[in-house]
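Those letters in the sequence shown? Residues 13 to 148, per this note's numbering, in order. Don't be surprised by glycine CBs; every beta carbon is placed ideally from N, CA and C. Quantities reported herein were computed from a predicted structural model and do not represent experimental measurements. Since the structure comes first, as structure tokens, the remarks are kept for the end.
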Amino acid sequence: MKNEILKARFYPFGVLLSSLIAYLEWGGGQSAFLFEMEVQLFSDLFHQPEHFAHPLILLPLFGQMVLVYLITKPQAKRIGPLVAIISIGILLVFVLLGALLSWNPLMLISVLPFILISLLWMLKYPSLKAQSSQSE
Numbered sequence: 013m014k015n016e017i018l019k020a021r022f023y024p025f026g027v028l029l030s031s032l033i034a035y036l037e038w039g040g041g042q043s044a045f046l047f048e049m050e051v052q053l054f055s056d057l058f059h060q061p062e063h064f065a066h067p068l069i070l071l072p073l074f075g076q077m078v079l080v081y082l083i084t085k086p087q088a089k090r091i092g093p094l095v096a097i098i099s100i101g102i103l104l105v106f107v108l109l110g111a112l113l114s115w116n117p118l119m120l121i122s123v124l125p126f127i128l129i130s131l132l133w134m135l136k137y138p139s140l141k142a143q144s145s146q147s148e
């Protein structure tokens, strides 16, 4: 039973970590990892709360909150993982598109773990759900 719960928690944890290591570069030689940008956003939360109003900021943050919920409650319904992956994936698709258009291998490589872990999770999810419901 413990093994199934660990498996069910591995995928959301892996998706969360892989989303945080996404690397972005933009004009003027500026670059940052997604976790660095989130730290900056939260440190400026009370000084500039309007920065949170952008959909490309709100959706991934919502997806990350869903992932934290899924880590604590591994027996959640299938809609939870889909919502989390899609909401974070929207931002990372733009990062992937930017990486391909500018041919930036660092940005490209940083998005691949998210894509791979998400695909594995969606392929394995029905079997994980069946195992956890049988063990109850």
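Bridge pairing for Trp-38: Gln-42 [DSSP]. The region 52 to 61 makes no contact with the region 100 to 119, as fewer than three CB pairs between them are under 8 Å. Within the same chain, and ignoring the five residues on either side of Pro-125 in sequence, the residues whose Cβ sits closer than 6 Å to its Cβ are Ser-30. If you look at Ala-96, you'll find it in the alpha helix (DSSP H) that goes 91 to 114. A straight-line Cα-Cα distance of about 21 Å links Leu-82 and Val-123. For the set Ile-69, Ser-130, Gln-60 and Met-119, the Cα lying nearest the Cα of Ile-97 is the one of Ser-130.
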